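A.B. asks: Just so you know, the sequences run in chain order A and B.
Each residue of the first sequence is one higher than the one before, counting from 50 in the numbering used here.
Each residue of the second sequence is one higher than the one before, counting from 140 in the numbering used here.
Ideal Cβ placement from N, Cα and C applies to all residues, glycine included.
Predicted model only: the values in this text are computed from it and were never measured.
Would you mind keeping the following structure in view while I ask a few things?
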Amino acid sequence: MIIQKKVCLLGDFAVGKTSLVRRFVEGRFDDKYLSTVGVKISRKSLARDGHQLNLLIWDLAGGEEFMRYETSYLRGATGALIVCDLTRPETLAKAQQYAAEMRRVNPAAACVLVANKVDLTGLRAITDQELKAASALLNAPYLVTSAKSGANVPAAFDRLADAVAM
Amino acid sequence: MPKVMQNAMDLATAVTGYLTQTNALAYAHLDSKFRITQTSPNFLPGCVLAPQGEVKGLIISELLWEFIGAEGALEDVLHGRIPSFSIEQVQREQPDGQVCYLSFLVVPFETGDPAAGLLLLVRDTTQAGVMEQHLLQERNELRLAQSSLSRANVELQRLNRLKSLFLSMAAHDLRTPLTVIRGFAELLLGGLGEKTPQTREYLLMIATQTEWLDRLITDLLSINQIEEGQLVLQPMTHDLNSLVDSMASGIENLAKTKGLIFQVEQAQASTAVFADPERVKQILYNLLGNAVKYTPPQGVIRLRTWAEDQLAVIEVSDTGRGMTREQQSQLFKPYYRTEEARRGRTQGAGMGLYIVKTLVEALHGRIDVRSSPGAGATFTVRLPAAP
Chain A
50 MIIQKKVCLL GDFAVGKTSL VRRFVEGRFD DKYLSTVGVK ISRKSLARDG HQLNLLIWDL
110 AGGEEFMRYE TSYLRGATGA LIVCDLTRPE TLAKAQQYAA EMRRVNPAAA CVLVANKVDL
170 TGLRAITDQE LKAASALLNA PYLVTSAKSG ANVPAAFDRL ADAVAM
Chain B
140 MPKVMQNAMD LATAVTGYLT QTNALAYAHL DSKFRITQTS PNFLPGCVLA PQGEVKGLII
200 SELLWEFIGA EGALEDVLHG RIPSFSIEQV QREQPDGQVC YLSFLVVPFE TGDPAAGLLL
260 LVRDTTQAGV MEQHLLQERN ELRLAQSSLS RANVELQRLN RLKSLFLSMA AHDLRTPLTV
320 IRGFAELLLG GLGEKTPQTR EYLLMIATQT EWLDRLITDL LSINQIEEGQ LVLQPMTHDL
380 NSLVDSMASG IENLAKTKGL IFQVEQAQAS TAVFADPERV KQILYNLLGN AVKYTPPQGV
440 IRLRTWAEDQ LAVIEVSDTG RGMTREQQSQ LFKPYYRTEE ARRGRTQGAG MGLYIVKTLV
500 EALHGRIDVR SSPGAGATFT VRLPAAP
């Protein structure tokens, strides 16, 4: 059986949402930052309990852009990766707003908090304690990732896939 | 037979109307189960999908990923619970690798008649999307730069606080032994038996130099206070002549060590000034210290004071190497030193005149300089006279 699920990547601008999708779907990374306008949809098939799970991954623009069409973009999504940038503390605060918006439109949506750019070790500005606190507040597990090195990227999507496949 | 099939002309008219209103590029009619029943001829290319045969009969989400999960929204449109459903600015890659943007709009085919199905309109919004992307890119890059600058600024402020703390601790630690050295030198000069002229000269040199070091420490602390915006002033009425007298011998000793002539010309009457006396001394020590530094042996340093239109005027002139106009325009900037001073053996950090100007202005005064190369320099400080 083929199961299709719509999931979203949400977070402030330049936190690495597009890079996470590219790493997960295409297995590559591009250092060049290119702002996303609107939405880019990618598909990735995973095996779950003997079935094929097709994740339709909506990579949405961050910042004010997101607010323009948020409801129509989020409608029908079963889960989301809420992404923040470990070098910019303000993006963790914004992550709470994105998660709240996701749950307002889809109350049963599963969320996973993703703290990206762990490869930028010298610039890290968010502690594990702060991530734990945010994770508890969002009622979402958290993972520390690097789209650049690929660290924990499949794990983050797997975690979301497990939650939406149930 | 569905109503739409009964009257193709009605469909064409309705679609044309929508095309005009929404600048649509392509359309498809969906039945109440969201199956495609009818499309415009350009529907597949318009959606940037390679032609893949018959699409009639396909559920819309089987053809367009965008509609996976949107079944609830389509139901709402069909039954009139919401007037329309749109997905704006969907980024797609064309077969040639170019990015394009599409916007989808779903409206009831006939309001109040769910059986008539839905009309899907697809617009190519690439031009607007590309333009928006450029603008967004620039704005986001600017914001990232701002954010990075703001973080760097916070770090610089932290480092500056550490530097200030270090400066004030170092100044305090330096001043304590200096006070002891100076005290004993003055004690030896004033008593404790006969001294040879050479011993007296050496003791005088120790006392003069320690006093000078003490002034440098005061300057260090002043820089700190200026940068922190915490310059402390204690203005009071005092006699400028007495103040000059109290420091003249120290300057004279310093000038002598370099073979310079030091002359003082004071106003006949006492000149009362309203300023912080310690800061006025600091101004004078810096101006006279510079004159000593930059005037070659046998040169003359002159200190004059007089009263003028509610102002007390102090003038320090020397017969040193002088300065160009360009040098004069840079003179009061922090860390500025002339090329000659940097190349020569004259020590200094280029902070003296910056401190002088800051102090003079903090005391509501003004400082001017007159100079030309080879003709020495004259600094004139005007401070408010006491009322």
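Using a 10 Å radius around the Cβ and a threshold of 16 neighbouring Cβ atoms, would you call arginine 482 (chain B) buried or exposed?
C.D. replies: exposed
A.B. asks: So is asparagine 188 (chain A) buried or exposed if we call it buried at 16+ other beta carbons inside 10 Å?
C.D. replies: exposed
A.B. asks: By DSSP, does proline 316 (chain B) sit in helix, in strand, or in coil?
C.D. replies: It is helical.
A.B. asks: DSSP on methionine 270 (chain B), reduced to helix/strand/coil?
C.D. replies: helix
A.B. asks: Taking only the alpha-carbon atoms, compute the straight-line gap between lysine 397 (chain B) and valine 431 (chain B) and give it to the nearest angstrom.
C.D. replies: Cα to Cα, the separation comes out at about 8 Å.
A.B. asks: Anything in the region 470-501 of chain B with a Cβ closer than 8 Å to a Cβ of chain A? List those residues in chain order, please.
C.D. replies: Listed by position, the residues of the region 470-501 of chain B near chain A (Cβ gap below 8 Å) amount to none.
A.B. asks: Leucine 83 (chain A) touches chain B at which residues, Cβ-Cβ below 9 Å?
C.D. replies: Gln272, Gln276
A.B. asks: Which residue marks the beginning of the beta strand (DSSP E) containing asparagine 103 (chain A), and which one marks its end?
C.D. replies: 100-109
A.B. asks: Under 8 Å by Cβ, that's how I've got glutamate 404 (chain B) and arginine 354 (chain B) pegged, so tell me the actual separation to the nearest angstrom.
C.D. replies: About 23 Å; that fails the 8 Å criterion.
A.B. asks: Given this structure, state the Cα-to-Cα distance separating leucine 281 (chain B) from valine 56 (chain A), to the nearest angstrom.
C.D. replies: One alpha carbon belongs to leucine 281 (chain B), the other to valine 56 (chain A), and they sit about 30 Å apart.
A.B. asks: For chain A, find out if any of its Cβ atoms is closer than 8 Å to the Cβ of glutamine 230 (chain B); answer yes or no.
C.D. replies: yes
A.B. asks: Between the region 55-78 of chain A and chain B, which residues of the former have a C-beta closer than 7 Å to a C-beta of the latter?
C.D. replies: Lys55, Phe62, Ala63
A.B. asks: Pick from A:Phe115, A:Leu130, A:Met116: whose alpha carbon is nearest that of aspartate 211 (chain A)?
C.D. replies: A:Leu130
A.B. asks: Does the CB of arginine 92 (chain A) have a neighbour CB from chain B at under 8 Å?
C.D. replies: yes
A.B. asks: Taking the alpha carbon of serine 381 (chain B) as the reference point, which residue from B:Arg521, B:Pro416, B:Glu350 has its own alpha carbon closest?
C.D. replies: B:Pro416
A.B. asks: In terms of alpha-carbon separation, which member of A:Val86, A:Val88, A:Arg71 lies closest to aspartate 269 (chain A)?
C.D. replies: For chain A, the structure presents residues 50 to 215; residue 269 (chain A) sits outside this window and is missing.
A.B. asks: Going by C-alpha distance, which of B:Val412, B:Val419, B:Leu359, B:Thr178 is nearest leucine 304 (chain B)?
C.D. replies: B:Leu359
A.B. asks: Is DSSP giving alanine 524 (chain B) helix, strand or coil here?
C.D. replies: Under the three-state reduction of DSSP output, alanine 524 (chain B) falls in the strand class.
A.B. asks: How far does the beta strand (DSSP E) with glutamine 53 (chain A) in it reach, from first residue to last?
C.D. replies: 51-60
A.B. asks: Select from B:Arg297, B:Gln364, B:Gly268 the residue whose C-alpha is nearest the C-alpha of lysine 89 (chain A).
C.D. replies: B:Gly268
A.B. asks: Hey, does leucine 109 (chain A) have any beta-carbon neighbour from chain B nearer than 8 Å?
C.D. replies: So no, leucine 109 (chain A) is outside the interface.
A.B. asks: Any chance the region 249-268 of chain B sits against the region 109-119 of chain A, with 3 or more Cβ pairs inside 8 Å?
C.D. replies: no
A.B. asks: Taking only three categories from DSSP, how would you classify proline 416 (chain B)?
C.D. replies: helix
A.B. asks: With DSSP collapsed to three states, give me the class of lysine 472 (chain B).
C.D. replies: Three-state result, lysine 472 (chain B): coil.
A.B. asks: Select from B:Pro234, B:Leu244, B:Leu164, B:Ala414 the residue whose C-alpha is nearest the C-alpha of isoleucine 199 (chain B).
C.D. replies: B:Leu244
A.B. asks: Taking asparagine 279 (chain B) as the query, report the chain A residues whose CB atoms sit under 9 Å from its CB, ordered along the chain.
C.D. replies: Phe62, Ala63, Tyr82, Ser84, Gly111, Gly112
A.B. asks: Out of B:Gln230, B:Gly192, B:Cys186, B:Leu217, point me to the one whose CA is closest to isoleucine 106 (chain A)'s CA.
C.D. replies: Residue nearest to isoleucine 106 (chain A) within the set B:Gln230, B:Gly192, B:Cys186, B:Leu217 is B:Gln230 (criterion: CA-CA distance).
A.B. asks: For the region 438-464 of chain B, enumerate the residues whose C-beta is nearer than 8 Å to any C-beta of chain A, in chain order.
C.D. replies: none
A.B. asks: Got a sec: is the Cβ-Cβ distance from valine 167 (chain A) to anything in chain B below 8 Å?
C.D. replies: no
A.B. asks: Since valine 216 (chain A) and leucine 58 (chain A) should fall inside the 8 Å C-beta cutoff, what is the C-beta to C-beta distance between them, to a whole number of angstroms?
C.D. replies: Past the edges of chain A, shown from 50 to 215, lies residue 216 (chain A), and the structure says nothing about it.
A.B. asks: Between the region 125-144 of chain A and chain B, which residues of the former have a C-beta closer than 9 Å to a C-beta of the latter?
C.D. replies: Residues Gly125, Ala126, Thr127, Thr136, Arg137, Glu139.
A.B. asks: From which residue to which residue does the beta strand (DSSP E) around tyrosine 82 (chain A) run?
C.D. replies: Note, tyrosine 82 (chain A): premise wrong, no beta strand (DSSP E); not H, not E.
A.B. asks: Taking buried to mean at least 16 other C-beta atoms within 10 Å of its own C-beta, is aspartate 312 (chain B) buried or exposed?
C.D. replies: Around the Cβ of aspartate 312 (chain B), a 10 Å sphere holds fewer than 16 other Cβ atoms; the residue is exposed.
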